Each structure stands twice: as structure tokens, then as C-alpha cells.
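Written below as C-alpha cells is the structure these notes are about.
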Amino acid sequence: MSENDFTPDEMMTIAASRALTNDDVCFVGIGAPSAACNVARLTHAPDITLIYESGTIGTAPDVLPLSIGDGELCDTAITTVSVPEMFRYWLQGGRITIGFLGAAQLDKFGNINTTVIGDYHHPKTRLPGGGGAPEIATSSQQVYITMKQTLRGMVEKIDFFTSFGHGDGGDARKKLGIETAGPTLLITDLAIWKPDPETKEFTVVSLHPGVTRDEVQATCGWTVKFADDLEVTPAPTELELKTLRDLRERTRIAHSGKKEKAA
Amino acid sequence: MASFMSLRDAVAENLMDGDAVAFEGFTHLIPHAAAHEAIRQNRKDLTLIRMTPDIVYDQMVGMGMVNKMIFSYAGNPGVGLLRRVRDAVENNWPQPLEIEEHSHAAMANAYEAGAAGLPCAVFRGYRGAGLAEVNPNIKSITCPFTGEKLAAIPSVRPDVTFIHAQRADKKGNVLIEGIIGIQKEAVLAAKRSVVTVEEIVDELDEHPNTCILPHWTVSAISVVPGGAHPSYTHGYYDRDNARYIEWDKIAADRDTFLTWMKENVIDADPEAFADRVKDLRTAA
């Protein structure tokens, strides 16, 4: 397998998976975060605790769930608790190290909109809404975000503050009485971003292999800042790629309809 | 005290026009058969409550039965948006839909407060969240001991809650297992409750900490095998993910939606559900 033989989407998922460690207790959002968390579990972080908001704690699904409450999650979990317990004891109680979220719209301070495009009361597009995200964003010790870069998705000003990141930057979280760190990492299909220690504006710290600064800027709605010591993200290893592709293939078969139960 | 009756009678006796009603289930055990019966009986002016309105609420909103929806995530999980709900919110079709939107943490706390007989729920939430600015039912309260500012919202107290569960014994004690979600709280918070079950058994064969609703907490029980489809019943049949994906196309167009509803809901009956899960059954 040549070094260039992977897609930007695969690079994004694998880069995100690398950010997770064995000791993390991760509250997993559906979609891209779910894939990244399970690749981490299947490669370098076999003991990571994955938690889905349906109440499953320490789950190890063989295929990626379509919803946050697929039976697979419960079958493979250490325990399954009620939804109020999940949000009160485990999330609000401060036991989650990483909240892993996706975003429909994101600004440079890590604020997320998954509620509406346009005015709230007369929306152009009504999105599903926040679900667990508003409190995942404030009660998890840190928040990681992963999304594909587009001009529609990464914008100067989001239409609605579904989940609070760093507000208008600086110590905005502290001012609201939020004591957790908030977004500390953004992984896109093109780059890895971290907030500036002072301003909290997301700054590109690593470009994925073959990606240029111009490409990052062309798909981002705000003026992008790049770190002085800009790095290149290591390409996916064969093991990482195989793990992700096998997981996706098992998932595709499982979601395609008729049950093809693995023995 | 739980009465055993047909789903038709259970809905007729317990769901009235204008009710605030919860059909709960957190991706698992969603009471589709009960919701379809409510659609056939053409209940009107309902306030629908649910953390995760999905296909059944999309159907009820699209059929013009709903004035208001209280919720925290209105999506087709893993697939996308609820197209009938969108059409109601964005275009008032088939009628305007008032929404009261919360976060999951808020709804979970509000159900728990309802079950606990409290007027409101208090929790650490909504900090910096836009919902606090557009939903007048989101307020704050100061802890009298520490001075910490916390979120407060009204408790949820439905007129009636519908849930689906694995089984009941002959007395009407109900067992729920797997992803138990918010169902116990939703039943205890409600004035009346209707439970559809896969089967009635002599003994529930429970371990000491099993999630059980004692028979005197439930108004009516109806046996409807497959009654959660395309959601699932842990230990009985799997989630029909393909139907969730398919729903996105059906709901995208008003006429396609109405045709589908006539064929699969209006002209069908609760007995149809058993057939829909026969290829999804899990090994005993």
C-alpha cells in the first residue's frame, strides 16, 4: 500500500483516533466521532472507555452503530444505565474526560451549531438540534471536534449557539462559570487544529500529508492562522487503514438490511 | 392497577384529544404500534413529548395530529433530519407546529423530576447555550448553600405515557431490559400509562435489580409482538436499520408520505407488526 493510498476522510478519522488514549473515558457522538473512537479502541487504546448517551458504558461494538442506541452497544457494554443516570451521575458528575462531537456549523472559537440555519423562529433549515451536546460541551473535561471542512460548515459566525465552545474567545468560559477546558482539539479532513492558549482561536498545528495552506483556507470561512512550527500529520499506517476499512465494511453489511449475523 | 386489553381499547380509553402525551423510547423499545393506533384513531391537538422524536413523531406531525412538540433531538438517528417535522416548522404543513426545545440533560432531569413529584428540575446545564435565549421555560436558580447558578426547567408530567417493553407477568408487572432509556421515569411521571409487550409470561424470571414497573403503576397492557418495529426489542428482534434509512425517502415528499401512511398505518392493524420482525428475530 503506497503512502498516498488513503482518502482525506480516512486521514481525518485516523488522526482523530490517535488523539485518544487508553485512560480516556469518552462520551461518543454519532458519525465521524464514533468511527474515530472505535478505531482507537481497535488499535492503540484497547482499554478506552466508550460511552454513548443511550446509557451504554464501556461498550465495544463490532460494527459502528447507526444510532446512539443500537443493540450492539448494549450487548458489548460493561453496564447500561438509564438516561437520567447517564446525564446526572456520569456526565454532570465530571467523570467524562473527552466529549467527542461533530458539528454542522463551527466557528473559530469552537462554538457549535446543530440547531438551525437562519433565524431560530423562522429557520431556513431546521436541523435535529442539540441532543446531549450542550452539556457534553460544558461538563466533559475536554472537547474534541471532528468535521469535514466546507465553507458552509466552518463559518465566521454561527447561526445558533447549540454548544458553547470558547464563546468570543479568551476567558469566555470562565466568565460563564464553566470550569472545564472546552474544545482543545479540532480534526478535519485537511488538518489538525488547536486553540491558541490566549485567544482560544483554533490554529492549524499540522497539515495532513499533501495538503497545502491554500487548500485549508479555501474550505474555511474565517481567516486561518497557522502555527509557526507547522507539522505534517503522519500518514495512516497499514494497520490503522485496515482497521478502519474492515470496520466500515462490517458496518455496511450490517446496515444494509437482512441480518447477516456473524457466527 | 393494570388491565389487559386490546391496543385499540387501550388507546381509546387512555388517549384523548388535546392530551400531552409521551411515546418514549431511547432508540430501543419505541412504541411504534401504539403510535400507529393513535394515528388510526385520529387523535387531534396533541402535545407530543419525547427526548428523541424520530419516525413515529414525524408520522404524527405529518398527519396533522400535533399542535406542539417538546423535545431535545428531532432527527432520524444516524440518517439525518425529520422531513415531516421540518415541513411543519419551516412551511406550516399540514399545520403549524409549536416547539419547546431542550437538551437531553434537561429532558432527562425533567422526566425524573416528574416521576419524583417535583414541580421543576435543577441541574448544571445550558451554560452559554442559545436555547436558554429562545425557550422561556429555561430559567436559572441559585443554590442556597454554595451560590452556584444552576439551570431550572419545569418537570414533565404527561397526561399519558406509552412505552413498549419485553414482557409482563399475569398480574401485569412489566419488565424492561437492555437500553432502558427514560421509560420508567416517563411512566411514573404520567397520570396514565399504556404498555405494549412482546408477551405475557407466568414468571418474569428477574434478578434482584431488574427494571420492573409494578402492576399498580400501569393503566393498561396490550400484547403486540413486534410492536417496536422498526425500533427493536432487546432479546427478541434487532433494529431494522434499513427501514430508518428508507424513511428518509418516504418522508421527503408529501404525497409519497401520505400514500405510505395509508398503506402501512391507516389500512393496517397491530397484528401486522409480528410479520414485520419475523426476519429480524434474534436467536433465543
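Residue numbers (this note's numbering), protein chains in the order written: chain A, 397 to 659; chain B, 237 to 520.
We put the beta carbon where it would ideally sit given N, CA and C, even for glycine.
Here the structure is a predicted model, which is why all the values come from computation and not from measurement.
Residue range of the unbroken alpha helix (DSSP H) whose run includes residue i
| i | result |
| --- | --- |
| B/Phe509 | Ala508 to Arg512 |
| B/Met497 | Arg490 to Met497 |
| B/Tyr472 | From DSSP, B/Tyr472 is part of no alpha helix (DSSP H); its letter is neither H nor E. |
| B/Ile418 | No alpha helix (DSSP H) contains B/Ile418, which DSSP labels as neither H nor E. |
| A/Ser535 | Ala529 to Ser535 |
| A/Leu469 | Gly467 to Asp471 |
Neighbourhood of residue i by C-beta distance below 6 angstroms, restricted to the same chain and skipping five residues each side
| i | result |
| --- | --- |
| A/Ser450 | Ile464 and Gly465 |
| A/Pro591 | Phe598 |
| B/Tyr472 | Glu434 |
| B/Trp496 | Ile486 |
| B/Asp245 | none |
| B/Gly298 | Arg320 and Phe493 |
| B/Lys304 | Thr283 and Glu334 |
| B/Lys385 | Ser376 and Thr378 |
| B/Gly254 | Asp281 |
| A/Cys470 | Thr452 and Thr476 |
Nonlocal neighbours in the same chain, by C-beta distance under 7 angstroms from residue i, ignoring five residues either side
| i | result |
| --- | --- |
| A/Thr510 | Ala499, Ala500, Leu523, Pro524, Gly525, Gly526, Ala529 and Thr558 |
| A/Trp589 | Leu582, Phe598, Thr599, Val600 and Val601 |
| B/Leu317 | Gly311 |
| A/Ser587 | Strictly speaking, residue 587 of chain A in this sequence is Ala, with Ser absent from that position. Once the five neighbours on either side are set aside, the close Cβ partners of A/Ala587 are Val600, Ser602, Leu603, His604, Val607 and Val612. |
| B/Leu251 | Val257, Ala274, Arg279 and Val396 |
| B/Ala368 | Tyr362 and Ile374 |
Cβ neighbour criterion (16 or more within 10 Å) applied to residue i
| i | result |
| --- | --- |
| B/Trp452 | exposed |
| A/Pro461 | buried |
| B/Tyr347 | buried |
| A/Lys596 | buried |
| B/Thr492 | exposed |
| B/Cys526 | Residue 526 of chain B is absent from the model: chain B starts at 237 and stops at 520. |
| A/Val628 | exposed |
| A/Lys657 | With a pLDDT of only 43 at A/Lys657, under the threshold of 50, the placement of this residue in the model should not be trusted, and no figure is reported. |
| A/Met397 | Caution is warranted here: a pLDDT of 48 is assigned to A/Met397, below 50, making its placement in the model unreliable, and the coordinate value is therefore given only provisionally. The residue is exposed, with fewer than 16 neighbouring Cβ atoms inside 10 Å. |
| B/Leu534 | No answer is possible for residue 534 of chain B: it lies beyond the span of chain B, which begins at 237 and ends at 520. |
| B/Asn371 | buried |
| A/Tyr485 | exposed |
| A/Lys621 | exposed |
| B/Arg517 | exposed |
| A/Glu406 | buried |
| A/Ala659 | Below a pLDDT of 50, predicted positions are generally treated as unreliable, and A/Ala659, at 31, falls in that range; the measurement from the model is reported next regardless. It counts as exposed. |
| A/Ala415 | buried |
| A/Phe556 | buried |
| A/Thr615 | buried |
| A/Met543 | buried |
Terminal residues of the beta strand (DSSP E) in which residue i lies
| i | result |
| --- | --- |
| A/Pro579 | Pro579 to Ile583 |
| A/Thr521 | Pro519 to Arg522 |
| A/Leu416 | From DSSP, A/Leu416 is part of no beta strand (DSSP E); its letter is neither H nor E. |
| B/Cys447 | Cys447 to Leu449 |
| B/Ala357 | Cys356 to Phe359 |
| B/Lys385 | Lys385 to Pro390 |
| B/Ala256 | Ala256 to Phe259 |
| A/Ala623 | Lys621 to Val628 |
| A/Tyr448 | Thr445 to Tyr448 |
| A/Ile484 | With the sequence shown as reference, residue 484 of chain A is identified as Arg, and Ile is not the correct amino acid for it. That residue, A/Arg484, is in no beta strand (DSSP E); it is neither H nor E in DSSP. |
| B/Val410 | Val410 to Ile412 |
| A/Thr546 | Careful: A/Thr546 lies outside any beta strand (DSSP E) and carries neither H nor E. |
Identity of the residues DSSP links to residue i by a beta bridge
| i | result |
| --- | --- |
| A/Asn509 | A/Gln501 |
| B/Asp405 | B/Val437 |
| A/Val496 | It should be pointed out that residue 496 of chain A corresponds to Phe in this sequence rather than to Val. Paired residues: A/Val424 and A/Tyr540. |
| B/Glu334 | B/Lys304 |
| B/Pro380 | Note: B/Pro380 sits in no beta bridge, so no partner. |
| A/Lys590 | A/Thr599 |
| B/Asn312 | B/Gly316 |
| B/Ala456 | B/Ser239 and B/Val430 |
| B/Phe398 | B/Phe259 and B/Val430 |
| A/Gly514 | A/Pro519 |
Candidates the options: closest to residue i by CA position
| i | options | result |
| --- | --- | --- |
| B/Val410 | B/Cys447, B/Ala274 and B/Asp505 | B/Cys447 |
| B/Leu282 | B/Pro267, B/Asn477 and B/Glu334 | B/Glu334 |
| A/Gln537 | A/Ile453, A/Leu581 and A/Leu626 | A/Leu581 |
| B/Gly314 | B/Ala478, B/Thr518 and B/Glu507 | B/Ala478 |
| B/Val437 | B/His465, B/Ser455, B/Pro466 and B/Lys406 | B/Lys406 |
| A/Ile494 | A/Leu635, A/Asp642, A/Gly578 and A/Asp610 | A/Gly578 |
| B/Pro286 | B/Ile306, B/Ala238 and B/Pro267 | With the sequence shown as reference, residue 286 of chain B is identified as Arg, and Pro is not the correct amino acid for it. If we check each option's Cα against that of B/Arg286, B/Ile306 comes out closest. |
| B/Gly417 | B/Ile399, B/Val431 and B/His465 | B/Ile399 |
| A/Leu626 | A/Thr639, A/Leu635, A/Arg609 and A/Glu636 | A/Arg609 |
Cβ neighbours of residue i in the same chain (closer than 8 angstroms, five flanking residues each side left out)
| i | result |
| --- | --- |
| B/Met296 | Ala271, Ala274, Ile275, Leu282, Leu284 and Val302 |
| A/Glu552 | Asp503, Lys504, Gly617 and Trp618 |
| B/Lys427 | Arg393, Pro394, Asp395 and Val396 |
| A/Glu531 | Phe483, Leu487 and Gln488 |
Contacts of residue i in chain D (Cβ-Cβ under 8 angstroms)
| i | result |
| --- | --- |
| A/Arg522 | Of the protein chains in this structure, namely A and B, none is chain D. |
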